[in-house]
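Here the structure is laid out as structure tokens; the discussion comes afterwards.
Protein chains: 2
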Amino acid sequence: MVFLLLTVKEITGRNIGRNMAVMQNHKTVIQNRKKREKNRRIQEILRAAKKTFFAKGYSKATMDEIALEAEVSKPTIYQYFDTKDELFFSLLIPVIEDIGNQVNDINLRLEALEYESGADVIRDIFKVYYNCFEQDTDTFMFFTIFQQIGMVYELNDTTRESFIEKGKYCFNQGREIARRAKEQGFFKDIDEFYISDFVWGAFWGIVQLQQMKPHNGDVNPHLKPTLELVENSIIGSIVIK
Amino acid sequence: MVFLLLTVKEITGRNIGRNMAVMQNHKTVIQNRKKREKNRRIQEILRAAKKTFFAKGYSKATMDEIALEAEVSKPTIYQYFDTKDELFFSLLIPVIEDIGNQVNDINLRLEALEYESGADVIRDIFKVYYNCFEQDTDTFMFFTIFQQIGMVYELNDTTRESFIEKGKYCFNQGREIARRAKEQGFFKDIDEFYISDFVWGAFWGIVQLQQMKPHNGDVNPHLKPTLELVENSIIGSIVIK
DNA sequence: GTCATATTTAACCGCCGGTAATAATTTTAC
DNA sequence: GTAAAATTATTACCGGCGGTTAAATATGAC
Numbered sequence: 115m116v117f118l119l120l121t122v123k124e125i126t127g128r129n130i131g132r133n134m135a136v137m138q139n140h141k142t143v144i145q146n147r148k149k150r151e152k153n154r155r156i157q158e159i160l161r162a163a164k165k166t167f168f169a170k171g172y173s174k175a176t177m178d179e180i181a182l183e184a185e186v187s188k189p190t191i192y193q194y195f196d197t198k199d200e201l202f203f204s205l206l207i208p209v210i211e212d213i214g215n216q217v218n219d220i221n222l223r224l225e226a227l228e229y230e231s232g233a234d235v236i237r238d239i240f241k242v243y244y245n246c247f248e249q250d251t252d253t254f255m256f257f258t259i260f261q262q263i264g265m266v267y268e269l270n271d272t273t274r275e276s277f278i279e280k281g282k283y284c285f286n287q288g289r290e291i292a293r294r295a296k297e298q299g300f301f302k303d304i305d306e307f308y309i310s311d312f313v314w315g316a317f318w319g320i321v322q323l324q325q326m327k328p329h330n331g332d333v334n335p336h337l338k339p340t341l342e343l344v345e346n347s348i349i350g351s352i353v354i355k
Numbered sequence: 115m116v117f118l119l120l121t122v123k124e125i126t127g128r129n130i131g132r133n134m135a136v137m138q139n140h141k142t143v144i145q146n147r148k149k150r151e152k153n154r155r156i157q158e159i160l161r162a163a164k165k166t167f168f169a170k171g172y173s174k175a176t177m178d179e180i181a182l183e184a185e186v187s188k189p190t191i192y193q194y195f196d197t198k199d200e201l202f203f204s205l206l207i208p209v210i211e212d213i214g215n216q217v218n219d220i221n222l223r224l225e226a227l228e229y230e231s232g233a234d235v236i237r238d239i240f241k242v243y244y245n246c247f248e249q250d251t252d253t254f255m256f257f258t259i260f261q262q263i264g265m266v267y268e269l270n271d272t273t274r275e276s277f278i279e280k281g282k283y284c285f286n287q288g289r290e291i292a293r294r295a296k297e298q299g300f301f302k303d304i305d306e307f308y309i310s311d312f313v314w315g316a317f318w319g320i321v322q323l324q325q326m327k328p329h330n331g332d333v334n335p336h337l338k339p340t341l342e343l344v345e346n347s348i349i350g351s352i353v354i355k
């Protein structure tokens, strides 16, 4: 009831009676709450999934376990996520999106001629990768499972499309950056495919390598200096100015 | 019976009667055959496992399927391999061993002062990796599954020890090469951990990246030139002479 | 002939991903 | 305020797979 009074103020000025308006609004308010609750439930499931997957690994983590951790029942999870794979990939998507956005920023700044040297471009790209890795190490590491099971090809259409599309977006942004940097005289005349694969592949490979070695929970101390070595090596070999 | 007559010739000159000798020899001949057959059966299981894992991926490949492909029954497989994981890892071990041996060769040649430049050392290391990858691409790719499931830690003791030990051996050889190359004035004074991780990590990351992209069965044509770029970049950044 | 060894067959267990049917709860309508 | 409708949770289940067991069969050793 309190809701009603409070929210009446927000009615858009349509030609509808006050009663109707109230009811209309009441309805949407409740729907909004439901939407929020639904959203929170999904978030809770994702949180539980992340925790469980990280603690036990993909195969050992069971849906029952995740459901318990999320304090919902298993069928509830299956209402929002078609399969275990899809649930898993739903964890990865925000990370790719984040990388995509940040790499896009670099691309835009490059387009706006805001860079003064190719070295700065490379350093910024590494910063994006590393920050992303540091900020959410566990999720980041799950990318390791990428193809392996051939999981990508068993996802439901929507998830698969979304995943592949976002992945491509990242790669394309990387190539575009390389292209522009060449255009602006920052990089040597090397195929932009090779450049972008070099940067991403080297980063990725080294992060994985460090993760293989015994690491007591926190990030391996060798990682950062090794990445700096790689960064400088790349700058030395492809940057002109 | 033919066996008997034929093999009598090979008796070692012990003080035993002819009959005993014949029987002794017959026994070992048959035992040898059995050993061969056993060995062949194991090889057949490994072949079937490799084929099936490669065709279906780790999770989708079932033990029944592998048994069928190997033309043995499931319990027979379990007589030689304790778990699915162990069977899987048995496929990887020869590859690591191969890499270990070849990297060791480089190390020995370096010790014997047979190298004239640091660039040659780097090129040889890349050659080892690449040949190994090219020679057995599918097995090589299975390394992707490395930690992922945390599988390594669930293997039976023998397999796990063997696997970890061989892996360490490779890494140590890599570091040792870096150390020696520095000693001989080939490489700059950079921590050998960073150098070896750079080389292996970059190679590994780029191979994986290429494998992710659509590749119609054969090796991605971008792979080789990208690896050459990396190779030259590494040479440029850490080699003195 | 009899014991030891190795393989197959066939049935089985437990666990897990996923589902169907049903119950409980909340919203809507009057 | 109450009944209908819709939404969400619960229970119990299915099928498949990793892995095991036990009995049957074959082969060679003595």
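Chains as they are written, first to last, in the numbering used here: chain W, 115 to 355; chain H, 115 to 355.
We put the beta carbon where it would ideally sit given N, CA and C, even for glycine.
Under DSSP, Val-353(W) takes part in a beta bridge, and its partners are Phe-301(W). The C-beta distance from Phe-240(H) to Glu-306(H) rounds to 17 angstroms, too long to meet the 8 angstroms contact threshold. Taking 8 angstroms as the cut-off, the beta carbon of Lys-164(H) is found closer than this to the beta carbon of Leu-205(H). Three or more Cβ pairs drawn from the stretch 146-161 of chain H and the stretch 191-204 of chain H lie within less than 8 angstroms of each other, which places the two stretches in contact. Of the candidates Tyr-283(W), Glu-225(W), Glu-290(W), Ile-180(W), the residue whose Cα lies closest to the Cα of Asn-215(W) is Tyr-283(W).
Under the Cβ criterion of 8 angstroms, Val-344(H) is counted among the residues facing chain W. The beta carbon of Ile-348(W) sits closer than 8 angstroms to those of Ile-236, Phe-312, Val-313, Ala-316, all from its chain and outside the five residues before and after it, given in chain order.
Below the 8 angstroms Cβ cutoff, chain W contributes His-336, Pro-339, Thr-340, Leu-343 as neighbours of Tyr-308(H), in chain order. Thr-253(H) is positioned such that its CB atom lies closer than 8 angstroms to that of Val-209(H).
Excluding five sequence positions before and after His-336(H), the CB atoms of its chain that fall closer than 7 angstroms to its own CB belong to Gln-324, given in chain order.
With respect to the 8 angstroms criterion, Gly-288(W) and Val-242(W) are not classified as neighbours on the basis of their beta carbons. With respect to the C-alpha of Glu-200(H), the residue from Ala-226(H), Ala-181(H), Leu-343(H), Phe-277(H) having the closest C-alpha is Phe-277(H). The three-state secondary structure of Phe-203(W), taken from DSSP, is helix.
Interface residue (Cβ-Cβ distance to chain W less than 8 angstroms): Phe-240(H) is not classified as such. For Tyr-194(H), the uninterrupted alpha helix (DSSP H) run begins and ends at 188-194, by DSSP. Residue-level contact check: Ser-351(W) touches chain H, since one or more beta carbons of chain H fall below 8 angstroms from its beta carbon. Excluding five sequence positions before and after Lys-327(W), the CB atoms of its chain that fall closer than 7 angstroms to its own CB belong to Asn-334, given in chain order. Of the other Cβ atoms in all chains shown, 16 or more fall within 10 Å of the Cβ of Gln-322(W); this residue is therefore buried. When CB distances to chain H are screened at a threshold of 8 angstroms, the residues of the stretch 288-313 of chain W falling below it are Ile-304, Asp-305, Phe-307, Tyr-308, Ile-309, Asp-311, Phe-312, in chain order. The beta-carbon separation of Gly-232(H) and Phe-285(H), rounded to 20 angstroms, does not stay under the 8 angstroms limit for a contact.
Contacts between Phe-195(W) and chain H, judged by CB atoms closer than 7 angstroms, are missing: the closest CB pair is about 18 angstroms apart.
Ala-316(W) has a beta carbon lying within less than 8 angstroms of a beta carbon in chain H.
The C-beta of Gly-319(H) comes closer than 8 angstroms to at least one C-beta of chain W.
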